Every structure is written in C-alpha cells, then in structure tokens.
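In the UniProt record's numbering, the protein residues as written are 1 to 195. Worksheet: one structure, shown below.
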Amino acid sequence: MGDAAPRNGDSDAALWEAMTRGDHGALEVLYDRHAHPVYSICLRVLSEPSLAEDTVQEVFLGLWRRRHGFDAARGSFGVWIATVARNRSIDCLRARRGRAGGETELTTEFPDGRVRNDPWYQVAEELDRNSVHEAMATLPRAQRQVIELGYWDGLTHSEISDRLHLPLGTVKTRMRLGLEKLYSFLEARGNRPCQ
C-alpha cells in the first residue's frame, strides 16, 4: 500500500507509481479518470456496448496484474492507456473474427449514423473545435497523417504501414510522437483530452 491515500488532484504519473506499489485506491482514481475515454475507444472498435464494457475491465485489470509498461518519461498516461485500449480492442475483434471465420470491418459510425466517440472525437465535442484543428495543424504532416488514418479512419498500425509503404516501427513512432504533441498542446491551453 502506498504511503498516502491517492487524491483526485494527484497526477497520473503519481497515481501510477502508487498503484505499482499495490495501492488499490490509486487504481480506482485512474479508473474514474480514464474509464470513459477508454470505453469510447473500445466501443468505436468493437461496436457492441457489452463487449466494450468487458474490454474496459480487461484493460484496467491488466494494469493491476502487470503493473508495468507505462513510462512517464516517454509520454502521458492518457495517451498510453488510450493506445492500450485500442490495441486490446483490436485483439478482441480479431479473436472474434477468427472464431466467426469471417471478415469484420472496423467502421466509424453507429447504426444511427452518429460518429463514434473516441478520445479525439471526444476532444472535438468537449472542447472548442478550433483548438483541436489548431493542435493538429501544429503537427508535422507525417505525424498528422498517421493519426488521421489511425484514429479517424480506424486503421491499425500494420494497415497504416501497408497503406503508406512505411516500416511498422516508423508508423508507431510517428503516432506516439504526434499524440504526445497533441496532448501537450491541448494541455498547455487548459484542455486535458484524456481525462
């Protein structure tokens, strides 16, 4: 158990450190802070609310069981957990696709035509849209392109790699750097996109 009870005002990095020392309260605060955007990502990929809810639970249980993977020196927890959620959702979708023996396409709309909620759509809805467009405009073209393909078009890292004829490692690096820059830009403006 950590030395002090976690507070809602603690940074994600401080909460992560407390959680790695076995502090259940820190995990609860991280869950309260990030469960909604994680659910949005899972729902976008999986299209089924109950399956998305199960995947959210798996993501946070995985954090507790493994207690490693996040490095505050490499970027924000919000971007990291969003990536974990997306990857776990895609793994779940592929496992279901394999069991069903058919192809399942990653779509970007609900049956009623509304755009699905993921961290960056959530940002656009909750914050001034101009701030998001301004933040995206600050990115180098290469980083902006992989983010648009990954988060707005729903492509996996491998699919982006194939489409752009780039090594997979290059795609992952551009995505990570671009998301970190977006987060930093919006946070500096008083917007916290992944909380």
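Every residue, glycine too, gets a C-beta built ideally from N, C-alpha and C. Just so we're clear, the structure is a prediction, and the values are computed from it rather than from any experiment.
Residue i burial status per 10 Å Cβ neighbour count (16 or more: buried)
{"i": "Q57", "result": "exposed"}
{"i": "R33", "result": "buried"}
{"i": "P37", "result": "buried"}
{"i": "D71", "result": "exposed"}
{"i": "T83", "result": "buried"}
{"i": "L158", "result": "In the sequence on display, residue 158 carries Ser and not Leu. Label assigned to S158: exposed."}
{"i": "G102", "result": "Only weak support exists for where G102 lies, its pLDDT of 46 falling under 50; the value from the coordinates is given anyway. With fewer than 16 Cβ atoms within 10 Å of its Cβ, G102 is classed as exposed."}
{"i": "P140", "result": "exposed"}
Beta-carbon proximity list for residue i, same chain, < 7 Å, skipping 5 on both sides
{"i": "I90", "result": "V45, T156"}
{"i": "I160", "result": "V146, L149, G150, V171"}
{"i": "F185", "result": "A135, T138"}
{"i": "E180", "result": "G75, S76, V79"}
{"i": "R144", "result": "M136, G178"}
{"i": "R174", "result": "A142, Q143, V146"}
{"i": "A35", "result": "V56"}
{"i": "R176", "result": "G75"}
Residues near residue i in its chain [Cβ-Cβ closer than 6 Å; skip 5 each side]
{"i": "I147", "result": "G178"}
{"i": "L30", "result": "L15"}
C-beta atoms of residue i and residue j nearer than 8 Å
{"i": "D12", "j": "G78", "result": "yes"}
{"i": "L27", "j": "L63", "result": "yes"}
{"i": "A135", "j": "L182", "result": "yes"}
{"i": "R67", "j": "M19", "result": "yes"}
{"i": "Y39", "j": "E53", "result": "yes"}
Residue i, enclosing alpha helix (DSSP H) - first and last residue
{"i": "E53", "result": "49 to 66"}
{"i": "G69", "result": "Looking at the DSSP string, G69 is not in any alpha helix (DSSP H), and its letter there is neither H nor E."}
{"i": "S161", "result": "157 to 164"}
{"i": "E148", "result": "No alpha helix (DSSP H) holds E148; DSSP gives it neither H nor E."}
{"i": "L139", "result": "Segment: none, L139 is in no alpha helix (DSSP H) and carries neither H nor E."}
{"i": "G25", "result": "24 to 46"}
{"i": "A13", "result": "12 to 20"}
Residues near residue i by beta carbon distance below 8 Å, same chain, minus five either side
{"i": "T55", "result": "C42, L46, A85, R88, S89, C92"}
{"i": "P167", "result": "S161"}
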